[in-house]
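Taking it in order: structure first as structure tokens, then the write-up.
There are 2 protein chains.
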Amino acid sequence: MRVTILSIGDELLSGKTVNTNANYISLVLDGLGCEIVKQVTVADRKNDILDCLTDLFKMPIDLILCTGGLGPTSDDITLDVIFSFFNSKKLFDDKYWIKLMNKFSNIGIPISKSHKKQAVVPDNGSIIPNSIGTARGFQFEKNKIVFIAMPGVPSEMQAMMNDTIIPMVKSKIVKSKYVATIRTTGAAETILYDLINKNNDDDNINIGYYPSVYGVDIRLVGKDLNKLNNIKENIANTVSDYFYTFSDHNLEEIVVNKLIKHQFTIATAESCTGGLIGNRITEVPGSSNVYKGSIVAYSNSVKINNLGIDKNNLEKYGAVSREIAGEMARQVRKTFNSKIGVSTTGIAGPGGGTKEKPIGLVYVALSSKEDLVIKKYNFHSNRNKNKIRSSQAVLKIIQDYCENYE
Amino acid sequence: MRVTILSIGDELLSGKTVNTNANYISLVLDGLGCEIVKQVTVADRKNDILDCLTDLFKMPIDLILCTGGLGPTSDDITLDVIFSFFNSKKLFDDKYWIKLMNKFSNIGIPISKSHKKQAVVPDNGSIIPNSIGTARGFQFEKNKIVFIAMPGVPSEMQAMMNDTIIPMVKSKIVKSKYVATIRTTGAAETILYDLINKNNDDDNINIGYYPSVYGVDIRLVGKDLNKLNNIKENIANTVSDYFYTFSDHNLEEIVVNKLIKHQFTIATAESCTGGLIGNRITEVPGSSNVYKGSIVAYSNSVKINNLGIDKNNLEKYGAVSREIAGEMARQVRKTFNSKIGVSTTGIAGPGGGTKEKPIGLVYVALSSKEDLVIKKYNFHSNRNKNKIRSSQAVLKIIQDYCENYE
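So the sequences go chain by chain: A and B. Just so you know, we're using our numbering here: the first sequence kicks off at 1 and counts up by one. Just so you know, we're using our numbering here: the second sequence kicks off at 1001 and counts up by one.
Below, the structure written as structure tokens:
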């Protein structure tokens, strides 16, 4: 199934909003085996939308998914424009309007008159229900291409995808290609490329490299599922030092679920990451079963008075050192009485770098009763990325620790 | 100046990567007064790119900015395709190749042969330097439309924008419209709309509402700068309870800079936010001057043993309560010896909700020697959003506290 995604909204073209909707829809449909042919974004302006629709309906595609501009305010013009494009008459849905009024009165908020347009329905298309919001979607068909308009609010669009569009696509699609992803962290794209390229030359499998601050995802696409799986396993072995998953799960999800499986409690002592590791761990539902908490020891006084770091060692080695990283991990484990303690200490930048200890220098450590693992990195990057890379390095050593028990 | 943005990359269409590049370019050029007419994303596939270029060169535009596909690996095909589109001959830049080889040998990494294509230059276009990476950009002109190709790595693209493209656009543009943004947090789009709509009816100023989990940005666009500024001030007064800035700065930047200005030190005690507030504060350069650190008290044992919360109160009121929020803020302020202590405690979800204390119930508090502010929210959302909204609420009370001293 060939799909294009049309995003409507001045806020996208002005850069006020990142287009996470196009990304979400692409990710979901690609996973179902659709081919996303194009993503287009146009302004909340009648002629721009009409021109774009005219172009899209000339393409050899099966489905157009459109988001944005169905809200209650006056800058939301999508409804009028698509009704005009499909020559639809506007009917007023009294039942839905009563439902809307009841909904608002139940939560004690007066309904705004501007919501009235959300009760409009077309005479020649259908309505797509919105299980969590007030703006419903619309479906039309023309030249055998199905067109669906959804609201731009991400949670409402996602609910509509889950309730209606994904089941519809699943019922129509014939699987024509297979995709696999090998996710790595801790090595640059070219290092992986040089490692992999020697051993995995197969014209039928397309290999792509997708670097981000979290690591490099290696993506395989091919028509032969057996071949794809063989190459996938080969590559994962070749890059085993950096490999963390074939799945869509983030490293924090993988790590928290491993900790829960082994019933290992954990505490964090964060310096340069400032709370990021705790934040990532607590993004995962169920983390409260294993995560005790953190001491974010951003200042030396907190390191000494609250984390119990030896003042002399702090002076001798400096806060950013192998020794202090290890002591932080051990101390937080003892203080919070957890099975594992992990720590970060480093120079995030932009200030604070020296020749011996440059910006991007980070030590991470893991302490348990039996083990002490300390790793040194130089991430050569900016504050935000150095923090993320540090958190990724910590999560990877927790994963490695858990896997020793598997 | 009318601009379109062309993003090339399978990773964008498959949803593996969010298209932050299109967003960044839009934001920067919109700020300079350009009109971004369209954003298009196509696959790393020769015909798709050629078809798209053909379409774009028919549009009434001045500039096409293209990103992606200039890397060293085999899936990076943009260079070949654009050279073919502009009928360019490939010349090899020996000087640049020697420079590249030296660069790699200086940092002790063997250069990959795959980098050779990054030394290719066109005979009928020009090169755009890359101050931080190896892939240079290209510039061509056809039918009076300037076409520029940049690498897809965000930091390299941004460096190229800053070094070359922004100065070029600035030198050519004639300012034809003005833009202002009023940023708010803590109120829904429709509440703001109903408040604002009564008093600010002006056909010459376009008002748009851009909700996100951080709040609602209200964006004004108009040709008359005086009128725009008047309406901007009017609206900021109308929504003063929720307003936090006219600028592009995030709330954490505003708050940290206020804390630095007043020399107020701060410590955080986080329960439901799990480290997010510390993470946001430490995203801001200079935060180490005012931020002492955090106790992330995710478990009750840490609340009692490390944060010093009264065990009887914890049993009497429950961890998610007005009383414990206040105690957490006061305790962390005292323990870390800071001017201000702030706290969060709440039910992030998806588990843990009850009828009396539903998912999304959050208390935030600020304690200083003179003051204790406690606020209750019900964010009715999912784990990730409840955390972000809580952090936003805390940052807002810190801002309000600082502004009492201004």
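Glycine included, each C-beta is placed from N, C-alpha and C at the ideal position. All values reported here derive from a predicted model rather than from experimental measurement.
For the segment 1275-1294 of chain B, enumerate the residues whose C-beta is nearer than 9 angstroms to any C-beta of chain A, in chain order. Against chain A - using a Cβ distance shorter than 9 angstroms - the residues of the segment 1275-1294 of chain B are Gly-1275, Leu-1276, Ile-1277, Gly-1278, Asn-1279, Arg-1280, Ile-1281, Thr-1282, Glu-1283, Val-1284, Pro-1285, Gly-1286, Ser-1287, Ser-1288, Tyr-1291, Lys-1292, Gly-1293, Ser-1294.
Check whether chain B comes within 9 angstroms of Phe-336 of chain A, counting only Cβ atoms and requiring the distance to be less than that. Position 336 of the first sequence, counted from the start, is the residue given in the question as residue 336 of chain A. Using a Cβ-Cβ cut-off of 9 angstroms, Phe-336 of chain A counts as an interface residue toward chain B, since at least one Cβ of chain B sits closer than that to its own.
Along chain B, in chain order, which residues have C-beta atoms closer than 9 angstroms to that of Leu-409 of chain A? Since the first residue shown for chain A is 1 and the last is 406, residue 409 of chain A is missing from the structure and cannot be characterised.
Rounded separation between Gly-9 of chain A and Trp-97 of chain A - CA only: Counting from one through the first sequence, the residue named residue 9 of chain A turns up at place 9. Counting from one through the first sequence, the residue named residue 97 of chain A turns up at place 97. Their backbone Cα atoms lie some 26 angstroms apart in a straight line.
Please list the terminal residues of the continuous alpha helix (DSSP H) segment that includes Thr-20 of chain A. Mapped onto the first sequence, residue 20 of chain A falls at position 20. From DSSP, the alpha helix (DSSP H) with Thr-20 of chain A extends over 20-31.
Can you list, in chain order, the residues of its chain with a C-beta nearer than 6 angstroms to that of Lys-258 of chain A? Leave out the 5 residues immediately preceding and following it. Indexing the first sequence from 1 puts residue 258 of chain A at position 258. Result list for Lys-258 of chain A: Cys-402, in chain order.
Just to confirm, are Ala-1325 of chain B and Ala-1365 of chain B a CB contact at a threshold of 9 angstroms? Within the second sequence, residue 1325 of chain B is the residue found at index 325, counting from 1. Within the second sequence, residue 1365 of chain B is the residue found at index 365, counting from 1. For Ala-1325 of chain B and Ala-1365 of chain B, yes; Cβs fall inside 9 angstroms.
Who are the near neighbours of Leu-1029 of chain B in its chain, counting only those whose CB is closer than 7 angstroms to its CB and skipping five residues on each side? Position 29 of the second sequence holds residue 1029 of chain B. Same-chain partners within the cutoff: Val-1003, Ile-1036, Val-1169.
Inter-residue spacing [alpha-carbon to alpha-carbon] between Gln-1158 of chain B and Ile-1388 of chain B: The residue labelled residue 1158 of chain B in the question sits at position 158 within the second sequence. The residue labelled residue 1388 of chain B in the question sits at position 388 within the second sequence. Their backbone Cα atoms lie some 27 angstroms apart in a straight line.
Report all residues from its chain with a CB closer than 7 angstroms to the CB of Thr-134 of chain A; omit the five preceding and five following residues, and keep chain order. Within the first sequence, the letter at position 134 stands for residue 134 of chain A. Leu-100, His-115, Gln-118.
Does any CB atom of chain A fall closer than 9 angstroms to the CB of Gln-1392 of chain B? The count along the second sequence starts at 1 and reaches residue 1392 of chain B at position 392. Gln-1392 of chain B does not count as touching chain A.
For Ser-1299 of chain B and Asn-1313 of chain B, what's the separation of their Cα atoms in angstroms? Translated into positions along the second sequence, residue 1299 of chain B becomes position 299. Translated into positions along the second sequence, residue 1313 of chain B becomes position 313. C-alpha separation (whole angstroms): 15 angstroms.
Burial state of Pro-1151 of chain B (16 or more Cβ within 10 Å): On the second sequence, position 151 is the one that residue 1151 of chain B refers to. With 16 or more Cβ atoms within 10 Å of its Cβ, Pro-1151 of chain B is classed as buried.
Give the secondary structure of Ala-119 of chain A by DSSP, where H, G and I count as helix, E and B as strand, and everything else as coil. As a first step, residue 119 of chain A must be located in the first sequence, where it is residue number 119. Looking at Ala-119 of chain A - three-state DSSP - the assignment turns out to be helix.
Determine the closest residue to Met-161 of chain A out of A:Asp-62, A:Asp-194, A:Cys-66, with distance taken between C-alpha atoms. For this step, residue 161 of chain A is matched to residue 161 along the first sequence. Of the candidates A:Asp-62, A:Asp-194, A:Cys-66, A:Cys-66 places its Cα closest to the Cα of Met-161 of chain A.
Could you spell out the range, first to last residue, of the beta strand (DSSP E) harbouring Phe-92 of chain A? The sequence position of residue 92 of chain A within the first sequence is 92, counting from 1. Element bounds for Phe-92 of chain A: 90-92.
Who are the near neighbours of Leu-1056 of chain B in its chain, counting only those whose CB is closer than 6 angstroms to its CB and skipping five residues on each side? What you label residue 1056 of chain B is simply residue 56 of the second sequence in a count that begins at 1. Excluding sequence neighbours, Leu-1056 of chain B sits near Thr-1004, Ile-1064.
So which residues on chain B does Tyr-298 of chain A lean against when the C-beta distance must stay under 7 angstroms? In the first sequence, residue 298 of chain A corresponds to position 298, counting from 1. Within chain B, the residues near Tyr-298 of chain A are Thr-1282, Ser-1288, Tyr-1291, Lys-1292, Gly-1293.
Residue-level contact to chain A via CB, Ile-958 of chain B, 9 angstroms cutoff: The structure shown does not extend to residue 958 of chain B, since chain B is modelled only from 1001 through 1406, so no value can be given for it.
I believe Lys-1227 of chain B touches Asp-1248 of chain B by the beta-carbon criterion, under 8 angstroms. Please report the beta-carbon distance rounded to the nearest angstrom. Here residue 1227 of chain B corresponds to residue number 227 of the second sequence, with the count starting at 1. Here residue 1248 of chain B corresponds to residue number 248 of the second sequence, with the count starting at 1. About 22 angstroms; that fails the 8 angstroms criterion.
Select from B:Leu-1251, B:Ile-1266, B:Arg-1183, B:Val-1290 the residue whose C-alpha is nearest the C-alpha of Ser-1240 of chain B. Working through the second sequence from its first residue, we reach residue 1240 of chain B at position 240. Put simply, of B:Leu-1251, B:Ile-1266, B:Arg-1183, B:Val-1290 the residue whose alpha carbon is nearest the alpha carbon of Ser-1240 of chain B is B:Arg-1183.
Quick one: list the residues of chain B neighbouring Gln-158 of chain A, beta-carbon separation under 9 angstroms, in chain order. Sequence index remark: in the first sequence, residue 158 of chain A carries index 158 (1-based). Listed along the chain, the chain B residues whose CB falls inside 9 angstroms of the CB of Gln-158 of chain A amount to none; the nearest CB is some 11 angstroms away.
Under 8 angstroms: do the segment 368-387 of chain A and the segment 1137-1144 of chain B share three or more Cβ pairs, one atom per stretch? In short, these stretches do not touch, since the Cβ pair count stays below three.
For the alpha helix (DSSP H) that Thr-1344 of chain B lies in, which residues bound it at each end? Residue mapping note: residue 1344 of chain B aligns to position 344 of the second sequence, counting from 1. For Thr-1344 of chain B, there is no enclosing alpha helix (DSSP H); the enclosing beta strand (DSSP E) covers residues 1340-1346.
What is the DSSP secondary structure of Met-101 of chain A, reduced to helix, strand or coil? As a first step, residue 101 of chain A is located in the first sequence; it is residue number 101 there, counting from the start. Met-101 of chain A falls in the helix class under three-state DSSP.
To which residues of the same chain is Ala-43 of chain A closer than 7 angstroms at the C-beta, ignoring the five residues directly before and after it? Position 43 of the first sequence, counted from the first residue, corresponds to residue 43 of chain A. Asp-10, Leu-13.
Just verifying my parser: in three-state terms, what is the DSSP assignment at Asp-194 of chain A? As a working mapping, residue 194 of chain A is identified with position 194 in the first sequence. Here Asp-194 of chain A sits in helix by DSSP.
Thr-1245 of chain B: first and last residue of the uninterrupted alpha helix (DSSP H) it sits in: The residue labelled residue 1245 of chain B in the question sits at position 245 within the second sequence. Taken as a continuous stretch (DSSP letters only), Thr-1245 of chain B belongs to no alpha helix (DSSP H), being part of the beta strand (DSSP E) at 1243-1245.
Through-space distance from Ser-126 of chain A to Phe-246 of chain A, alpha-carbon basis: The count along the first sequence starts at 1 and reaches residue 246 of chain A at position 246. The count along the first sequence starts at 1 and reaches residue 126 of chain A at position 126. One Cα belongs to Phe-246 of chain A, the other to Ser-126 of chain A, and the distance between them is close to 39 angstroms.
Beta carbons nearer than 9 angstroms to chain B: which residues of the segment 40-72 of chain A have them? For the segment 40-72 of chain A, which is checked against every Cβ of chain B, the residues closer than 9 angstroms are Val-40, Thr-41, Val-42, Ala-43, Asp-44, Asp-48, Cys-52, Asp-55, Gly-71, Pro-72.
What I want to know is whether the C-beta of His-262 of chain A ends up closer than 8 angstroms to one or more non-hydrogen atoms of the ligand ZN. No copy of the ligand ZN occurs in the structure displayed, which carries no ligand at all.
Please list, in chain order, all residues of the same chain as Ile-111 of chain A whose beta carbon is under 7 angstroms from its beta carbon, the five residues on each side excluded. On the first sequence, residue 111 of chain A is found 111 positions in, with the first residue counted as 1. Answer for Ile-111 of chain A: Leu-100, Met-101, Phe-104, listed in chain order.
How about His-249 of chain A: is its C-beta nearer than 9 angstroms to some C-beta of chain B? Within the first sequence, the letter at position 249 stands for residue 249 of chain A. Not closer than 9 angstroms to any Cβ of chain B, the Cβ of His-249 of chain A fails to qualify, so no.
Which of the three DSSP states, helix, strand or coil, is assigned to Pro-1211 of chain B? In the second sequence, the residue the question calls residue 1211 of chain B occupies position 211. The three-state secondary structure of Pro-1211 of chain B, taken from DSSP, is strand.
Spatial neighbours of Asn-124 of chain A within its chain, please: C-beta separation below 6 angstroms, excluding the five flanking residues on both sides. Reading the first sequence from its first residue, position 124 is the one you call residue 124 of chain A. Excluding residues within five positions, the ones whose Cβ falls inside 6 angstroms are Ser-88.
Cut-off 6 angstroms between Cβ atoms - residues of its own chain near Met-328 of chain A, not counting five sequence neighbours on either side: Here residue 328 of chain A corresponds to residue number 328 of the first sequence, with the count starting at 1. Contacts found: Ala-269, Ser-343.
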